[in-house]
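Undergrad:
Number of protein chains: 2
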Amino acid sequence: MTTDNKRPLTLRDVSEATGVSEMTVSRVLRNRGDVSEKTRQKVLSAAKELGYVPNKIAGALASNRVNLVAVIIPSLSNMVFPEVLTGINSVLENTDLQPVVGVTDYQPEKEEKVLYEMLSWRPSGVIIAGLEHTEAARAMLNASGIPVVEVMDTDGKPVDAMVGISHRRAGREMAKAILKAGYRNIGFMGTKMPLDHRARKRFEGFTEALAKEGVEIMDRAFYSGGSALAKGREMTQEMLERSPELDFLYYSNDMIGAGGMLYLMDQKIDIPGQIGLAGFNGVELLQGLPRQLATMDACRLEIGRKAAEIIAAQLDNPDTEIEKHVTLTPTITFGDTLKRR
Amino acid sequence: MTTDNKRPLTLRDVSEATGVSEMTVSRVLRNRGDVSEKTRQKVLSAAKELGYVPNKIAGALASNRVNLVAVIIPSLSNMVFPEVLTGINSVLENTDLQPVVGVTDYQPEKEEKVLYEMLSWRPSGVIIAGLEHTEAARAMLNASGIPVVEVMDTDGKPVDAMVGISHRRAGREMAKAILKAGYRNIGFMGTKMPLDHRARKRFEGFTEALAKEGVEIMDRAFYSGGSALAKGREMTQEMLERSPELDFLYYSNDMIGAGGMLYLMDQKIDIPGQIGLAGFNGVELLQGLPRQLATMDACRLEIGRKAAEIIAAQLDNPDTEIEKHVTLTPTITFGDTLKRR
DNA sequence: GTGAAAGCGCTAACAG
DNA sequence: CTGTTAGCGCTTTCAC
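Sequence order for the protein chains is A and B. For the first sequence, the numbering used here begins at 1 and goes up steadily by one. For the second sequence, the numbering used here begins at 342 and goes up steadily by one.
Shown next as structure tokens:
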């Protein structure tokens, strides 16, 4: 503990306090090179005593190294992304890299801005959600000269590396499972988000697989904002009033799916006999609900982990041969709301 | 769009491309000082063409200014903290400040480490959750010489400024409401987190207010890990089997409270007649559940906003007289699980 | 309006 | 093992 200082301390202050050269102080503080145990201790205790905190700004400029990994995601309130972050963290914790998070709110222009801001700090790598970016953003990523991993989605061409699942395939698989279970009158509910490309791709894959069997979606609805659980309720009620012949409801995420499920249970509707249900994501929350909603795991943790590993490996040795296109395979959980066949 | 470069571009590159001095290029790019419209355009287009991204590291070192606000929170998976972040963001968006988030996992030593890391980037301000920190962390905050706002909790003495609610009072208020409604056999369930000081303080306030009326908690249980909703179910079942005479259950957060509620509904137990329930936080999720759980809003958005305002105001003018101790008052939502009296 | 010089606090590279 | 020198890429300051 020291008295409050107006000016933050510098290496020089520690150097003067110890009589050791700045350079040696720097070596001690970074654990670099050989320093005698005696001076080591002297420096360490002085630094601690003074309350010295190194200036990474200066260090980064001098060494041309910044141990930051920029992580750019659409949202923090989705639960999906914090989990990806957790995966990233779990890997980076064992390195000297640190994640720095930027949020885009699903807006391409904001993504571009956030990316620019982050790149201006010269991070060592970038992990960014999705494959769709503005022209300028893609150009920046290309020009950055650092490892770039695009995550979540593998339906497209990455700038550099990519890790994720095929959402198109995920939609198709769910459609197949639903058809196989015998449902034919299918409704869809999702977010009104033209910019959520992954939800869009799932939807496309879904309708495509239905079409292959001559089935067409009977009703659909989109929402935006509000509590997803509450929206799921409302929309489900409305849709069933509008299209009472529906026998299956596919939701673009588990939260609205859970809302729908709770509504149907209130109405004493037989699930999955009269109506089947499925969501997407495999959120942990589902486990506490009265019934388990059918869903599909998005492999979020694994995606984060893999992405971080790719960055770390490249940084460790730029010549390492690593798999740059990693496609994970989500599995269906049938739960209690989709007949198993 | 340019060809890929190994070396990132510098001001000098733009300077050479335009024939304008580095200094003037810098002025244009920062919108500082007077520059003729002609050179302005020339520089701007060249910079864009080349794909120049300024190096903030160098800029920060030279100007001794970093437009970053360090935000240090215990967790991202709690939903509470992302909301505080949203509040912070909403204010900082209108300034040139940028939040940078660090996560501590409720561990004091990790908080200390994260704080050290962040301070070493010389941010312009710090927003940190809670009032309890290690000795060293407090010393760093003191020595940093930048505005510091401790958020969430106001039961204690801040290093500099603080914004939050009194969790002790929140616990007391809820206890009073419960007693007033006529419940006497009260059980408590919460997280097994000695380090979640806010949950602890709520519990203390709660028992204290009960004690004042001669009431003692009849049963209690603590959990850790797992899906909160599922845990709420399990624990509620166990507790009621153990203590069937309970007529009220107070949960330390809404998620386990919701789990408990769903369990009781499964059991066709009369809520709030036979058993009343209450949680804490006012999470949006609750709105979609079959019944609305009684809860108390933690003012998360407002806390974030106010904290960011304090930082921004201090930075804008260090001599501004501002309120450094802001205590917000949470309100009880009775919902459908706590009798109103 | 524009430019030249002098650092910001640190580390790479070398010399002892 | 320790110290010296020369920048990193930018901005501040001052001169023109």
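The C-beta atom is built at its ideal place from N, Cα and C for all residues, glycine as well.
Between A/S124 and A/G190, what straight-line distance do the alpha-carbon atoms span, to the nearest angstrom?
TA: Counted from its first residue, the first sequence places residue 124 of chain A at position 124. Counted from its first residue, the first sequence places residue 190 of chain A at position 190. Roughly 37 Å separates the two Cα atoms.
Undergrad: With 16 other CB atoms within 10 Å as the buried threshold, where does A/H197 fall?
TA: Reading the first sequence from its first residue, position 197 is the one you call residue 197 of chain A. Looking at its Cβ environment, which holds 16 or more other Cβ atoms inside 10 Å, A/H197 is buried.
Undergrad: Cα separation between A/V84 and B/R353?
TA: Locating residue 84 of chain A in the first sequence gives position 84, where the first residue counts as 1. Locating residue 353 of chain B in the second sequence gives position 12, where the first residue counts as 1. Cα to Cα, the separation comes out at about 39 Å.
Undergrad: Is B/V394 close to chain A, meaning its C-beta is less than 8 Å from at least one C-beta of that chain?
TA: If you number the second sequence from 1, residue 394 of chain B lands on position 53. Interface residue, yes.
Undergrad: Nearer than 7 Å: is that true of the beta carbon of B/L472 relative to any heavy atom of the ligand FAD?
TA: As presented, the structure is devoid of all ligands, the ligand FAD included, so that no description of it is given.
Undergrad: Buried or exposed for B/T343, please, with buried defined as at least 16 other CB atoms from any protein chain shown within 10 angstroms of its CB.
TA: What you label residue 343 of chain B is simply residue 2 of the second sequence in a count that begins at 1. For B/T343, the pLDDT reaches just 42, beneath the cut-off of 50, and the residue's location in the model is therefore unreliable, although a value from the coordinates is still provided. Flag for B/T343 reads exposed.
Undergrad: Quick one: give me the first and last residue of the alpha helix (DSSP H) that B/L590 is part of.
TA: In the second sequence, residue 590 of chain B corresponds to position 249, counting from 1. No alpha helix (DSSP H) contains B/L590, which is instead part of the beta strand (DSSP E) from F589 to Y592.
Undergrad: Answer with yes or no whether the minimum CB distance from B/L402 to chain A is below 8 Å.
TA: Here residue 402 of chain B corresponds to residue number 61 of the second sequence, with the count starting at 1. Answer yes: the Cβ-Cβ gap between B/L402 and chain A drops below 8 Å somewhere.
Undergrad: Whole angstroms are fine: how far does the CA of B/T351 sit from the CA of A/S360?
TA: With chain A covering only 1 through 341, there is no way to say anything about residue 360 of chain A.
Undergrad: DSSP state of B/H666, grouped into three classes?
TA: Here residue 666 of chain B is taken as the residue at index 325 of the second sequence, counted from 1. Of the three classes helix, strand and coil, the one that applies to B/H666 here is strand, per DSSP.
Undergrad: Residues of chain A with a CB under 8 Å from the CB of B/R574: which are they?
TA: Sequence index remark: in the second sequence, residue 574 of chain B carries index 233 (1-based). What B/R574 touches in chain A: G288.
Undergrad: List the residues that DSSP assigns as beta-bridge partners of B/A635.
TA: As a first step, residue 635 of chain B is located in the second sequence; it is residue number 294 there, counting from the start. The partner list for B/A635 (beta bridge, DSSP) reads B/A619.
Undergrad: Measure the CB-CB distance between A/G259 and A/T295 and report whether it falls below 8 Å.
TA: For the purposes of this step, residue 259 of chain A is identified with residue 259 of the first sequence, where counting begins at 1. For the purposes of this step, residue 295 of chain A is identified with residue 295 of the first sequence, where counting begins at 1. No; because the gap between Cβ atoms is not below 8 Å, this pair is not in contact.
Undergrad: Got a sec? Which residues, its chain only, sit under 6 Å from B/D345 by beta carbon, not counting five neighbours each side?
TA: The residue you call residue 345 of chain B lines up with position 4 of the second sequence. Unreliable placement is indicated for B/D345, whose pLDDT of 47 sits below 50; no coordinate value is reported for it.
Undergrad: Does the CB of A/A139 have a neighbour CB from chain B at under 8 Å?
TA: Counted from its first residue, the first sequence places residue 139 of chain A at position 139. Closer than 8 Å: yes.
Undergrad: Output the distance between the C-alpha atoms of B/P449 and A/R305, rounded to the nearest integer angstrom.
TA: Numbered from its first residue, the second sequence carries residue 449 of chain B at position 108. Numbered from its first residue, the first sequence carries residue 305 of chain A at position 305. C-alpha separation (whole angstroms): 25 Å.
Undergrad: From A/I88 to B/D446, what distance separates their C-alpha atoms?
TA: For the purposes of this step, residue 88 of chain A is taken as the residue at position 88 of the first sequence. For the purposes of this step, residue 446 of chain B is taken as the residue at position 105 of the second sequence. Using only the alpha carbons, I get a separation of about 15 Å.
Undergrad: What distance in whole Å lies between the Cβ atoms of B/G629 and A/G232, which are believed to be in contact at a cut-off of 8 Å?
TA: On the first sequence, position 232 is the one that residue 232 of chain A refers to. On the second sequence, position 288 is the one that residue 629 of chain B refers to. With a Cβ gap of about 6 Å, A/G232 and B/G629 count as contacting.
Undergrad: Taking DSSP as the reference, what is the three-state secondary structure of A/D160?
TA: Here residue 160 of chain A refers to the residue found at position 160 of the first sequence. Coil, per DSSP.
Undergrad: In the DSSP assignment, find the unbroken beta strand (DSSP E) run with A/Y223 in it and report its ends.
TA: Taking the first residue of the first sequence as 1, we reach residue 223 of chain A at position 223. It spans D219 to Y223 - the beta strand (DSSP E) in which A/Y223 sits, taken as one unbroken run.
Undergrad: So, is B/A403 buried or exposed, given that buried needs 16 or more other C-beta atoms within 10 angstroms?
TA: Counting from 1 along the second sequence, the entry for residue 403 of chain B is found at position 62. Under this definition B/A403 is an exposed residue.
Undergrad: Candidates A/S144, A/V126, A/A129 and A/L68: which alpha carbon is nearest B/M459's?
TA: Taking the second sequence and counting its residues from 1, one reaches residue 459 of chain B at position 118. Looking at the Cα atoms, A/L68 is the closest of the given residues.
Undergrad: Hey, would you say A/L286 sits closer than 8 Å to A/L277, going by beta carbons?
TA: The sequence position of residue 286 of chain A within the first sequence is 286, counting from 1. The sequence position of residue 277 of chain A within the first sequence is 277, counting from 1. No, the Cβ-Cβ distance between A/L286 and A/L277 is not below 8 Å.
Undergrad: Assuming B/A550 and B/L679 make a contact with CB atoms under 8 Å, what is their CB distance in whole Å?
TA: The residue you call residue 550 of chain B lines up with position 209 of the second sequence. The residue you call residue 679 of chain B lines up with position 338 of the second sequence. That belief does not hold up - the Cβ atoms of B/A550 and B/L679 are roughly 15 Å apart, past 8 Å.
Undergrad: Could you list which residues in chain A have their beta carbon closer than 8 Å to that of B/D354, in chain order?
TA: Your numbering for residue 354 of chain B matches position 13 in the second sequence. By Cβ distance, chain A contributes nothing, its closest Cβ being about 12 Å from B/D354, past 8 Å.
Undergrad: From the DSSP output, in three-state form, read off A/M118 for me.
TA: The residue labelled residue 118 of chain A in the question sits at position 118 within the first sequence. If DSSP states are grouped into helix, strand and coil, A/M118 belongs with the helices.
Undergrad: Under 8 Å, with one C-beta from each stretch per pair, do the region 263-273 of chain A and the region 46-55 of chain A reach the 3-pair mark?
TA: No, the region 263-273 of chain A does not touch the region 46-55 of chain A.
Undergrad: B/R641: buried (16+ other C-beta within 10 angstroms of its C-beta) or exposed?
TA: Here residue 641 of chain B refers to the residue found at position 300 of the second sequence. By the 10 Å Cβ count, B/R641 comes out buried.
Undergrad: Determine the chain B residues that contact A/V126 at a beta-carbon separation under 7 Å, and present them in chain order.
TA: Counting from 1 along the first sequence, the entry for residue 126 of chain A is found at position 126. Those do not exist, as A/V126 stays about 12 Å from chain B at its closest Cβ, beyond 7 Å.
Undergrad: Given a cut-off of 8 Å, decide if B/G567 and B/F544 are closer than it, judged by their beta-carbon atoms.
TA: Reading the second sequence from its first residue, position 203 is the one you call residue 544 of chain B. Reading the second sequence from its first residue, position 226 is the one you call residue 567 of chain B. No, the pair does not count as a contact, with Cβ atoms beyond the cut-off.
Undergrad: Step through the CB atoms of chain A and report whether any lies within less than 8 Å of the CB of B/V683.
TA: Only positions 342 to 682 of chain B appear in this structure, which leaves residue 683 of chain B out of reach.
Undergrad: What does B/S568 reach in chain A if we use C-beta pairs closer than 7 Å?
TA: On the second sequence, residue 568 of chain B is found 227 positions in, with the first residue counted as 1. What B/S568 touches in chain A: E284, L285, Q287 and G288.
Undergrad: Could you tell me which chain A residues have their CB closer than 8 Å to the CB of B/S418, listed as they occur along the chain?
TA: Counting from one through the second sequence, the residue named residue 418 of chain B turns up at place 77. Near B/S418 (Cβ distances below 8 Å), the residues of chain A are M79, P82, E83 and T86.
Undergrad: Which stretch, first to last residue, makes up the alpha helix (DSSP H) that contains B/D354?
TA: The sequence position of residue 354 of chain B within the second sequence is 13, counting from 1. Here the alpha helix (DSSP H) through B/D354 covers L352 to T359.
Undergrad: Can A/Y250 and A/F222 be called in contact, C-beta distance under 8 Å?
TA: Stepping through the first sequence from its first residue, residue 250 of chain A is reached at position 250. Stepping through the first sequence from its first residue, residue 222 of chain A is reached at position 222. Taking 8 Å as the Cβ cut-off, A/Y250 and A/F222 do not qualify as a contacting pair.
Undergrad: Mapping the DSSP letters down to three states, classify A/E150 as helix, strand or coil.
TA: As a first step, residue 150 of chain A must be located in the first sequence, where it is residue number 150. Of the three classes helix, strand and coil, the one that applies to A/E150 here is strand, per DSSP.
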